[in-house]
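Numbers -25 to -1, 1 to 195, taken from mature numbering (1 follows the signal peptide of the UniProt record, and there is no 0), label the letters of the sequence shown in order.
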Amino acid sequence: MSRLLVTPSVILLVCFAVSWPLTSCTDDVDPLQVVTEQHSQKISQLESLIQQQANKMAAMDTLIQQQAATISGMQTSVQTLTSQMALQTPFVAFDVQYKDDPHNNVASHDILKFDAISMNIGNAYTASNGMFQAPVSGVYLFHVKLTPNPHGSIYAYLVKEGQNVDSVNAHDDTGNETGDTVRILQLDRGERVWLQKSSGVSSVRGWAHTKLAGVLLRAT
């Protein structure tokens, strides 16, 4: 019977053969670790995306706040302009006289109801009652011109809500004598002004010889 010769080389070869599978197993990649790393990468990507969206939302919030501030400023400007426009003086003016010349049958204490309206901006003068009614509170200027028929005298008052505020009179021998007056009055909205005869002849010159005019200087 033959004997197996065991040499150092054989022993080394056997040891290598036995240990080789164990060594290769320790070098294999763990699947669980791979999946974990992949999920970690995805989570990092999602976190980065979320942060980007949060930054965008913060920027949008800032923009919205800026726009809100701009709108608020515009609203304030509009309110200021509206207030300024409300304080601006509207245009109110009238100029009235008689159509016929002479104009007869003007009795004492009658209101002179001028029927020829050359200007009535603001529609504040009413021909049917001869009264000007202030459409807004303010300071008004009035001009009265009064001419009686030849060889007569006439006296009249400028009246504000039943109170005489000015007088005008004229004595005419030639047909050219005219009395006139200018008066500045402060009126509240709705207050009325008119020209009322006091005494004298019942006939006055018409057209531009006898007239009443007024204009709003400033609203208050």
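Beta carbons: idealized from backbone N, C-alpha and C, even for Gly.
Keep in mind that this is a model prediction, so the values were computed, not measured.
- Residue pairing of P123 in beta bridges, as defined by DSSP: V179.
- Remark: C-beta atoms of D147 and G127 approach each other more closely than 8 Å.
- Distances from the alpha-carbon of A194 to those of A68, A91, M94, K172 put A68 closest.
- When Cβ pairs closer than 8 Å are counted between the two stretches, the region 44 to 59 is seen not to touch the region 153 to 169, the count staying below three.
- Here L7 is exposed: its Cβ has fewer than 16 other Cβ atoms, across all protein chains shown, within 10 Å.
- For R164, there is no enclosing beta strand (DSSP E), since its DSSP letter is neither H nor E.
- Secondary structure of N30 (DSSP, three-state): helix.
- Sorting D90, V111, N95, G113 by C-alpha distance to the C-alpha of G105 places D90 at the top.
- With fewer than 16 other CB atoms across the displayed protein chains lying within 10 angstroms of its CB, F66 is exposed.
- Note that the C-beta distance between P77 and G175 is not below 8 Å.
- Taking a C-beta distance under 8 Å as the contact criterion, L160 and Y115 qualify as a contact pair.
- Secondary structure of A145 (DSSP, three-state): strand.
- In the three-state reduction of the DSSP assignment, T153 falls in the coil class, being assigned neither a helical nor a strand state.
- In terms of Cβ geometry, T153 and K120 form a close pair [threshold 8 Å].
- Looking at the backbone, the Cα of M32 and that of V10 are separated by about 33 Å.
- C-alpha of H118 to C-alpha of P125: approximately 22 Å in a straight line.
- Q40 and H14 have their C-alpha atoms roughly 38 Å apart.
- For N144, same chain residues with a beta-carbon under 6 Å away, outside a window of 5 residues either side, are Y130, G154 in chain order.
- Distance check between A109 and each of S103, G97, A102 places G97 closest, using alpha-carbon atoms only.
- Separation of I18 and L38 (C-alpha to C-alpha, rounded to the nearest whole angstrom) is 30 Å.
- Taking C-beta atoms as the reference points, R164 and V81 fail to come closer than 8 Å.
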